[in-house]
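Terminal number for the sequence shown in the UniProt record's numbering: 210, no gaps in between. Glycine included, every Cβ here is placed at the ideal spot set by N, Cα and C. Computed from a prediction, not measured in an experiment: that's the story for all the values here.
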Amino acid sequence: MLPNHSAIRLLIVDDHPLMREGVAAVLQSQTDIVVVGEAANGVEAVERFRALQPDVTLMDLQMPGMDGIEAIQAIRKTSRDARILVLTTYQGDVQAWRALKSGAAGYLVKSSLRGSLLDAVRSVHAGGRWVPAEVAVALAHHSGDEMLSEREVDVLRLIAQGYSNREAGAMLSVSEDTIKARLKSTLAKLSARDRTHAVIIALQRGLIQL
């Protein structure tokens with residue numbers, strides 16, 4: 001069969017080989033989408049994008065070294081017209097918000113890969129956006145929320161790992177009182193009852209990962 005020169009040229013970025021193979025398997029019977037390259041991390045993604053100039057880049061978020069958000073930002077600096085579709089296991093609104101703010105055109109949850117991948121790739125390539133209904137609802141629900149600061153997220157991440165206020169303070173080179181103050185503001189922003197509830201909310205929304 002002769003190659004379809006008008007096909008959508010796709011770059012797959014994911015640190016798991018089986019996921020890249022799974023995406024390729026979904027696409028193998030399609031005549032209008034062709035995989036032109038793969039990358040296993042953010043650094044490779046930027047390099048492969050520059051070399052291949054794909055029509056659409058399918059980008060994982062959680063990768064070692066340079067993550068997906070950083071890679072999106074780097075690619076968008078190279079090409080403001082880059083069409084990037086985020087592929088992730090996380091449904092949290094914060095992850096989606098960060099990806100879209102960084103320049104991604106769509107957000108696809110891995111659990112819906114088989115049912116939505118083809119439509120998502122075609123939609124993004126055509127200039128549209130792709131945001132699953134459940135993610136869009138979460139984004140709208142939290143649109144007026146005050147975002148946690150980077151320092152507050154750092155504290156919450158350590159608390160989630162089981163460290164005490166004193167231990168967290170030592171690790172972040174601040175006083176225990178500072179940790180308590182950051183936790184207090186975090187509870188207020190997340191409308192959380194206590195630190196455990198705050199960690200649960202943060203995990204659900206994609207603010208932190210364990």
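Which residues DSSP lists as bridging residue i, in chain order
i	result
ALA39	VAL13
MET171	In DSSP, MET171 forms no bridge with anything.
VAL86	MET59 and TYR107
TRP130	GLY106
ILE8	ILE33
C-alpha distance - residue i paired with residue j, whole-angstrom precision
i	j	result
GLN161	ARG151	16 Å
ALA24	LYS77	27 Å
ALA202	LYS189	11 Å
ASP154	ALA40	27 Å
ARG113	ILE179	The question names Arg, yet the displayed sequence has Leu at residue 113. Rounded to the nearest angstrom, the two C-alpha atoms are 40 Å apart.
LYS184	ASP194	9 Å
ASP60	ASP15	8 Å
SER102	GLN73	6 Å
GLY22	GLY169	43 Å
LEU117	ALA105	14 Å
TYR107	PRO54	18 Å
VAL174	THR186	17 Å
VAL46	ILE33	21 Å
GLY128	GLY115	18 Å
SER29	SER6	16 Å
ALA181	LEU172	14 Å
GLU145	SER191	Checking the displayed sequence, the identity of residue 145 turns out to be Asp instead of Glu. Near 10 Å, if we compare the C-alpha coordinates of SER191 and ASP145.
Own chain partners of residue i with C-beta closer than 7 Å, once the 5 adjacent residues on each side are dropped
i	result
VAL43	GLY65 and MET66
VAL35	LEU10, ILE12, ALA24 and LEU27
ARG166	GLU176
VAL56	ILE8, LEU10, ARG83, LEU85, VAL121, VAL124 and HIS125
LEU2	Confidence is the limiting factor: at LEU2 the pLDDT is only 40, short of 50, which leaves the residue's position unreliable and the question unanswerable from this model.
MET63	ASP15, ASN41 and GLY42
Buried or exposed (CB count within 10 angstroms, at least 16 for buried), residue i
i	result
PRO17	exposed
ALA198	buried
MET147	exposed
ARG80	exposed
LEU210	exposed
THR196	exposed
Same chain only: Cβ atoms within 8 Å of residue i, ignoring 5 sequence neighbours per side
i	result
ASP93	VAL135, ALA138, LEU139, HIS141, HIS142, ARG205 and GLY206
LYS110	MET19, LEU87, THR88 and THR89
ILE208	VAL153, LEU156, ARG157, ALA160, VAL199 and ALA202
ASP119	TRP130
CB contact check: residue i to chain E, cutoff 7 Å
i	result
LYS110	Judged by its chain identifiers, the structure shown contains no chain E, having just a single protein chain.
Neighbourhood of residue i by C-beta, 6 Å cutoff - its chain only, sequence neighbours within 5 removed
i	result
GLY37	LEU11, ARG48 and LEU52
* Asked: Counting pairs of Cβ atoms below 8 Å between the segment 97 to 105 and the segment 42 to 51, do you hit three or more?
  -> no
* Stretch pair the segment 126 to 137 + the segment 62 to 70: three plus CB contacts closer than 8 Å -> no
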